[in-house]
Amino acid sequence: MLCLLVLSNYLSFSQTPINEITASYQTIPEDLDRYTAAGKDYSFGVGTSNNLKIKSFTFGTDEFAFKGLADEVVINREDNATTTGIRDILFFETSSTSTTDVQLKPGYKEKMEKMFNSNIINRGADNMFVNADVANTNNIERIDFLYYDGLTVPSTPANEGFMFMERGGNDSFKVAFITSLNASNQPATFTQVITVNPVHYGASSIGLLATVLNDGVDGPLVETANLDSQLIHGTLISFADFNLTTGDQVFGYVIMGNDVTATTDAEILDTKNEALYPRNTSSSDGGADLIAGGSLYTKAFIHDSGGWIDNPNNFTLTCDDYIYITGGTASITKNMTTGYLYFDNNASLDLNSNTLNICKNLIVKNGSSTALNSTLVFSGTELQNIEGEELTVDNIELNNSTGLSITGDINLKETLLLSSGNVDIDAASRFTFKSTATKTAVLSETANSVSGHVIVERYIPKSNRSFRYISPSVSTTSSIQANLQEGGQITDYNTTPVVDPNPGFGTHITGSTLAANGFDATITGNPSMFSWDEANQQWNSITNTNEKTLSIGESYALMVRGGRELDLTVNNTQIGSTTVLRFTGELLTGDYSSLNLAQGKDEFSLVANPYQAQVDMKALLSSANSTGINDTFMYAYDPTLGTYGGYVTIDLTTANGDPTPSSSADKFLQPNQSVFIQNTEATPGLTFKENYKKSTEQAITTAIFKANKNTRINISLKRLHHKNFILVDGVTLHLGDSFDNSILYNDALKFWNSDESLTINHNDNYLSVERRKYPGLEESIQLNLFNYKATDYQLTIDGQDLEKKAYLKDNYTGNLQIIKRNSVTTYSFSTDKQNPNSVLSTRFEIKFQPQTLGTHNFENEQIRLYPNPASKIVHIKIPDSSGEDATVQLVDMTGKILSTEQVRVKNGLISTRKIKHLERGLYLIKIEINQQEYIKKIMIN
1223 MLCLLVLSNY LSFSQTPINE ITASYQTIPE DLDRYTAAGK DYSFGVGTSN
1273 NLKIKSFTFG TDEFAFKGLA DEVVINREDN ATTTGIRDIL FFETSSTSTT
1323 DVQLKPGYKE KMEKMFNSNI INRGADNMFV NADVANTNNI ERIDFLYYDG
1373 LTVPSTPANE GFMFMERGGN DSFKVAFITS LNASNQPATF TQVITVNPVH
1423 YGASSIGLLA TVLNDGVDGP LVETANLDSQ LIHGTLISFA DFNLTTGDQV
1473 FGYVIMGNDV TATTDAEILD TKNEALYPRN TSSSDGGADL IAGGSLYTKA
1523 FIHDSGGWID NPNNFTLTCD DYIYITGGTA SITKNMTTGY LYFDNNASLD
1573 LNSNTLNICK NLIVKNGSST ALNSTLVFSG TELQNIEGEE LTVDNIELNN
1623 STGLSITGDI NLKETLLLSS GNVDIDAASR FTFKSTATKT AVLSETANSV
1673 SGHVIVERYI PKSNRSFRYI SPSVSTTSSI QANLQEGGQI TDYNTTPVVD
1723 PNPGFGTHIT GSTLAANGFD ATITGNPSMF SWDEANQQWN SITNTNEKTL
1773 SIGESYALMV RGGRELDLTV NNTQIGSTTV LRFTGELLTG DYSSLNLAQG
1823 KDEFSLVANP YQAQVDMKAL LSSANSTGIN DTFMYAYDPT LGTYGGYVTI
1873 DLTTANGDPT PSSSADKFLQ PNQSVFIQNT EATPGLTFKE NYKKSTEQAI
1923 TTAIFKANKN TRINISLKRL HHKNFILVDG VTLHLGDSFD NSILYNDALK
1973 FWNSDESLTI NHNDNYLSVE RRKYPGLEES IQLNLFNYKA TDYQLTIDGQ
2023 DLEKKAYLKD NYTGNLQIIK RNSVTTYSFS TDKQNPNSVL STRFEIKFQP
2073 QTLGTHNFEN EQIRLYPNPA SKIVHIKIPD SSGEDATVQL VDMTGKILST
2123 EQVRVKNGLI STRKIKHLER GLYLIKIEIN QQEYIKKIMI N
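So the sequence shown is numbered by the working numbering: it starts at 1223 and just counts up by one.
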């Protein structure tokens, strides 16, 4: 009866033995561990083929991949006649041995527990359960492999289990799975017991020459045997082998010698009972030489350096599936779902702009891996994890209300989208919002949160020495120096002029000749970082970088010369390389009320972007979340203008925020950017909200309904610089009957540049953008150009929808340049600082004449003057006209009107004697007839 009961508690299984093992050697530093014992030198990690790491194995027709190791391995020992205490008997793949040296390939492991909990397969334990009859005996009765959080049986139980590998494949042992743990996290209940016999093993093609080491109980490991080459054998024991079903929990497994008779929970736990756990186990029952302890493996779609072993693009995957990329660049060609995504050995995955839904976890091991053209969506129902080492990915979306835990390093290139659930970043992890010349990663609009520190990057191109109006999108716990100076500081510019801790990152921040207060020491000590004082409407240099931290909502003007590799003692004009500024701290989600706004009417505030996202300032400033602030304009500093940058006025009445002068700036406030805004009332208010963030899917729309058709004239000033004309400043005129000629908040005041500043002068109010009614006949708009820096310039004038003729008048040369309609007019001019008139601020103005609209279509050539040259009278021939009234004006070449008279056409001819008092020279005669205007030149002699 007892015999029948015992037999019924053992399961037999007839799994197909493994077909092959895929593994590769990893190189570790030689002589990482060396010691001398018993007259021999022992070396580990010898050569370049060191740790042989398993990647996968074939089981039947399926591929299985490594999924994880136990949380802890516990060896249960009971002293016997041959062994007491803790003895470790291990084997290592041999490199070479001699009478004086033992050289071994794998890295050193001194304890059996550490040896077991590994997926390195060229080292293991020897004669695990043997108590008698051989030299290498031990006192081990049971080994527990514990998974504290438990393992859930998948929907196909045969697709997951533990692989057991044995050197030689000729030893038996017994296995039971653990079904519960007690309060002390030790095994409490078990499945039935399975016996693993040699018949269940399958041989791989991997053979090992092995050296056995024995520590003789707490002594050094010494050589006790050298073995001929033996193949590694293996078998998989799946959850199905124990009749477990979907959703069952397993907390690991136990292994025992083949002579153990324990079957019930209590018996399996009772290792002190010699009737259940014999103390004289022979090598035939206890000689198992197990490798890697039986790690967890799962059926997987595996990609190695040779390509897909089983291509997931040919199947429909579910949340129970596992994609394992062990080498090369795997390609996904459709939207796909998987339970797990595993990267190993610097592998890559190209999603080809498809979406991969992950229901469980993402794991990165053994190097930095990359997901190209990728969107990874975490859409499970339990807490999900990104763990392991470093992963670079384009887009991450969380759609799991339970959340996402990150314990690995992430480089995000584009977007983090929290559709549902919060992200928790471990303190030891680095989550970096990357920034390049073309993209800066963002956190999209969300009602959820990110906890833990992130690193925010801001790419600065190699361009010019210019101020950048920056703001942190995180609140840092470390200093400005630790962040923007990368922890570096030039303390002695004579002996150490370059201190560059992290090449490619950081910049100089100066303000002292003696390196006081964290500043980089320079010869002049000139400050390079300023904050805007809203109360006094002025810039103040910061007082230190070694104590002050950075907070969300703060704005700074930072002079960026380039990276920290620049030697500031060479000269004051050199330009450094591209660099990346980094801020480390906690991100903000949710509302943010700007705290440091100017309080007086018409005063200016430098407002920071509090989010790691683009913000639609047009929408924000025109909303109820903005009070007492001009919603027509904001002012950005564009570092690419001129030599040192200049201000750009952004017109927020247009669809996307038109900049003046031409610039890439628009209505979207970039991450880490700050801009000036102006109060229209005292005590304004401004609250940023998530819904003002720009979405990556947002379409560009165009306003198609306009109450009035208005004229726009964009005037850009360019300076000759190294054989090219570069943009340095500009202004914009909007002309229309709906506008007012008073200075209103839809007119933008001018922010002055350190170099040239071009302005519109309206009754001594200097403007960068003006909206006004169309000027009347002969009315002009005065331009002011200050701070000439060069000799050669251009004014480019883009006149859109001109309804009247407009001219650029050069008051120095007298030239009158007609402004083309719906086209760009370029006017080149020179200056001579020896001639003050050539650098007058009032040198240029815009003059207007009515647009010629009429039914007659005479060509200018049909109008003829004679005599020409003339001295007393000039006759004007107008074909096919008689009896009409005409207006005739004499105009000098500066545009000044000298006379105006009304005459009647008789037989196609009119005459004027107004020329008789003119001095010798070239003049213009303007004729207006039948709502058309003609201009002809005449020479007076």
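Backbone N, C-alpha and C fix where the C-beta goes; we use that ideal spot for every residue, glycine too.
C-alpha gap between Ile2040 and Gln1895, whole angstroms: In the sequence shown, the residue the question calls residue 2040 occupies position 818. In the sequence shown, the residue the question calls residue 1895 occupies position 673. For Ile2040 and Gln1895, the distance between alpha carbons rounds to 39 Å.
Which residues in the same chain as Val1439 place their Cβ atom closer than 6 Å to its Cβ, once the five residues preceding and following it in sequence are excluded? On the sequence shown, residue 1439 is found 217 positions in, with the first residue counted as 1. Excluding positions up to five away in sequence, the list reads Gly1307, Arg1309.
C-alpha gap between Lys2138 and Glu2155, whole angstroms: Looking up residue 2138 in the sequence shown gives position 916. Looking up residue 2155 in the sequence shown gives position 933. Computed Cα separation, rounded: 23 Å.
Tell me Gln2004's beta-bridge partners as DSSP assigns them. On the sequence shown, position 782 is the one that residue 2004 refers to. Under DSSP, Gln2004 takes part in a beta bridge, and its partners are Asn1983, Glu2067.
Please look up how many angstroms separate the CB atoms of Phe1412 and Thr1401, rounded, as I've assumed it's under 8 Å. Here residue 1412 refers to the residue found at position 190 when the sequence shown is read from its first residue. Here residue 1401 refers to the residue found at position 179 when the sequence shown is read from its first residue. Indeed, because the Cβ distance is near 6 Å, the residues count as touching under 8 Å.
Please tell me whether Thr1660 and Glu1679 are closer than 8 Å, where the distance is taken between their beta carbons. Residue mapping note: residue 1660 aligns to position 438 of the sequence shown, counting from 1. Residue mapping note: residue 1679 aligns to position 457 of the sequence shown, counting from 1. Cβ distance not < 8 Å, so Thr1660 and Glu1679 don't count as in contact.
Could you spell out where the beta strand (DSSP E) holding Ile1209 opens and where it closes? Nothing about residue 1209 can be read from this structure; the chain reaches only from 1223 to 2163.
Starting from Asn1705, trace the alpha helix (DSSP H) both ways and give me its first and last residue. Indexing the sequence shown from 1 puts residue 1705 at position 483. Its alpha helix (DSSP H) spans residues 1702-1706.
Answer with buried or exposed for Ser1777, where buried requires no fewer than 16 other C-beta atoms within 10 angstroms of its C-beta. Position 555 of the sequence shown holds residue 1777. When all chains shown are included, Ser1777 counts as buried.
Hey, would you say Thr1902 sits closer than 8 Å to Asn1968, going by beta carbons? The sequence position of residue 1902 within the sequence shown is 680, counting from 1. The sequence position of residue 1968 within the sequence shown is 746, counting from 1. Against a cut-off of 8 Å, the Cβ pair of Asn1968 and Thr1902 comes out as no contact.
Contact criterion: CB-CB distance below 8 Å. Does Phe1855 meet it with respect to chain D? Any reference to chain D falls outside this structure, which holds one protein chain only.
So within the region 1516-1569, which uninterrupted beta strand (DSSP E) runs reach at least 3 residues, ignoring any that extend past its ends? 1518-1521, 1523-1526, 1544-1547, 1551-1553, 1558-1560, 1562-1566
Please say whether Glu1382 and Arg1345 have beta carbons closer to each other than 8 Å? Along the sequence shown, one-based indexing puts residue 1345 at 123. Along the sequence shown, one-based indexing puts residue 1382 at 160. Going by C-beta atoms, Arg1345 is not nearer than 8 Å to Glu1382.
Leu1809 to Ser1886 span [Cα, whole Å]: Here residue 1809 is taken as the residue at index 587 of the sequence shown, counted from 1. Here residue 1886 is taken as the residue at index 664 of the sequence shown, counted from 1. Spanning the two alpha carbons is a distance of roughly 26 Å.
Asp1169 classed as buried or exposed, judged by whether at least 16 other C-beta atoms fall within 10 angstroms: Since the first and last residues shown for the chain are 1223 and 2163, residue 1169 lies out of range.
Could you tell me which whole beta strand (DSSP E) segments of length 3 or greater appear in the region 1711-1745? Correct list: 1732-1734.
Assuming contact is defined by CB atoms lying nearer than 8 Å, are Thr1658 and Asn1633 in contact in what I supplied? Working through the sequence shown from its first residue, we reach residue 1658 at position 436. Working through the sequence shown from its first residue, we reach residue 1633 at position 411. Contact: no.
In whole angstroms, give me the CA-to-CA distance for Val1472 and Ser1799. Position 250 of the sequence shown holds residue 1472. Position 577 of the sequence shown holds residue 1799. Their Cα atoms are separated by approximately 56 Å.
Relative to the C-alpha of Thr1795, which residue among Leu1498, Glu1756, Thr1806, Thr1865 is closest? Translated into positions along the sequence shown, residue 1795 becomes position 573. Residue Thr1865 is the option with its Cα nearest to Thr1795.
Reduced DSSP secondary structure (H/G/I, E/B, other) of Leu1368: For this step, residue 1368 is matched to residue 146 along the sequence shown. Leu1368 falls in the strand class under three-state DSSP.
Can you tell me the Cα-Cα spacing of Asn2163 and Asn2059, whole angstroms? Taking the first residue of the sequence shown as position 1, residue 2163 is located at position 941. Taking the first residue of the sequence shown as position 1, residue 2059 is located at position 837. Approximately 29 Å, taken between the alpha carbons.
Quick check on Gly1807: does DSSP put it in helix, strand or coil? Translated into positions along the sequence shown, residue 1807 becomes position 585. In the structure shown, Gly1807 adopts extended strand secondary structure according to DSSP, grouped into three states.
Of the residues Asp1572, Thr1629, Ile1682, Gly1456, which one's Cα is nearest the Cα of Ile1276? Here the question's residue 1276 lines up with position 54 in the sequence shown. Per the Cα distances, Gly1456.
Quick one: measure Cβ to Cβ for Ser1642 and Ser1671, integer angstroms, because I've assumed they're closer than 8 Å. In the sequence shown, the residue the question calls residue 1642 occupies position 420. In the sequence shown, the residue the question calls residue 1671 occupies position 449. The Cβ separation is near 12 Å, so there is no contact.
Nearest-angstrom Cα distance between Gly1479 and Ile1608? Numbered from its first residue, the sequence shown carries residue 1479 at position 257. Numbered from its first residue, the sequence shown carries residue 1608 at position 386. Answer to the nearest angstrom: the Cα atoms are 38 Å apart.
Unbroken alpha helix (DSSP H) run spanning Lys1331, endpoints: Walking along the sequence shown from the start, residue 1331 turns up at place 109. Counting along the chain, Lys1331 falls outside any alpha helix (DSSP H), and DSSP gives it neither H nor E.
Which residues in the same chain have their Cβ closer than 6 Å to the Cβ of Gln1325, if we skip the five residues on either side of it in sequence? Here residue 1325 is taken as the residue at index 103 of the sequence shown, counted from 1. Excluding residues within five positions, the ones whose Cβ falls inside 6 Å are Ser1265, Val1268, Ser1317, Ser1318.
Would DSSP call Asn1381 helix, strand or coil? Indexing the sequence shown from 1 puts residue 1381 at position 159. It is helical.
Start-to-end residues for the alpha helix (DSSP H) that takes in Lys1840: For the purposes of this step, residue 1840 is taken as residue 618 along the sequence shown, with counting starting at 1. Following the DSSP letters along the chain, one finds Lys1840 inside the alpha helix (DSSP H) bounded by residues 1839-1843.
Go ahead and label Tyr2088 buried or exposed: buried means 16 or more other beta carbons lie within 10 angstroms of its beta carbon, across all protein chains shown. Within the sequence shown, residue 2088 is the residue found at index 866, counting from 1. Burial call: exposed.
Pair within 8 Å by beta-carbon distance, Ser2164 and Asp1355: Because the chain in this structure spans residues 1223 to 2163, residue 2164 falls outside the shown range and cannot be described.
Whole-angstrom C-beta distance between Phe1367 and Ala1292, which should lie under 8 Å: Residue mapping note: residue 1292 aligns to position 70 of the sequence shown, counting from 1. Residue mapping note: residue 1367 aligns to position 145 of the sequence shown, counting from 1. With 8 Å as the limit, Ala1292 and Phe1367 qualify as a contact, their Cβ atoms being about 4 Å apart.
Just how far apart, CA to CA, sit Thr1746 and Ser1734? As a working mapping, residue 1746 is identified with position 524 in the sequence shown. As a working mapping, residue 1734 is identified with position 512 in the sequence shown. Using only the alpha carbons, I get a separation of about 8 Å.
Does the region 1515-1531 come into contact with the region 1546-1554, if we say contact requires no fewer than three beta-carbon pairs (one atom in each stretch) closer than 8 Å? Judged by Cβ distances under 8 Å, the region 1515-1531 makes contact with the region 1546-1554, as three or more pairs qualify.
Can you name the residues that DSSP bridges to Asp1873? Translated into the one-based positions of the sequence shown, residue 1873 becomes position 651. Beta-bridge pairing links Asp1873 to Phe1855, Asp1880.
Do three or more CB pairs link the region 1287-1305 to the region 1527-1537 at distances below 8 Å? Inter-segment contact for the region 1287-1305 and the region 1527-1537 is absent: fewer than three beta-carbon pairs are separated by less than 8 Å.
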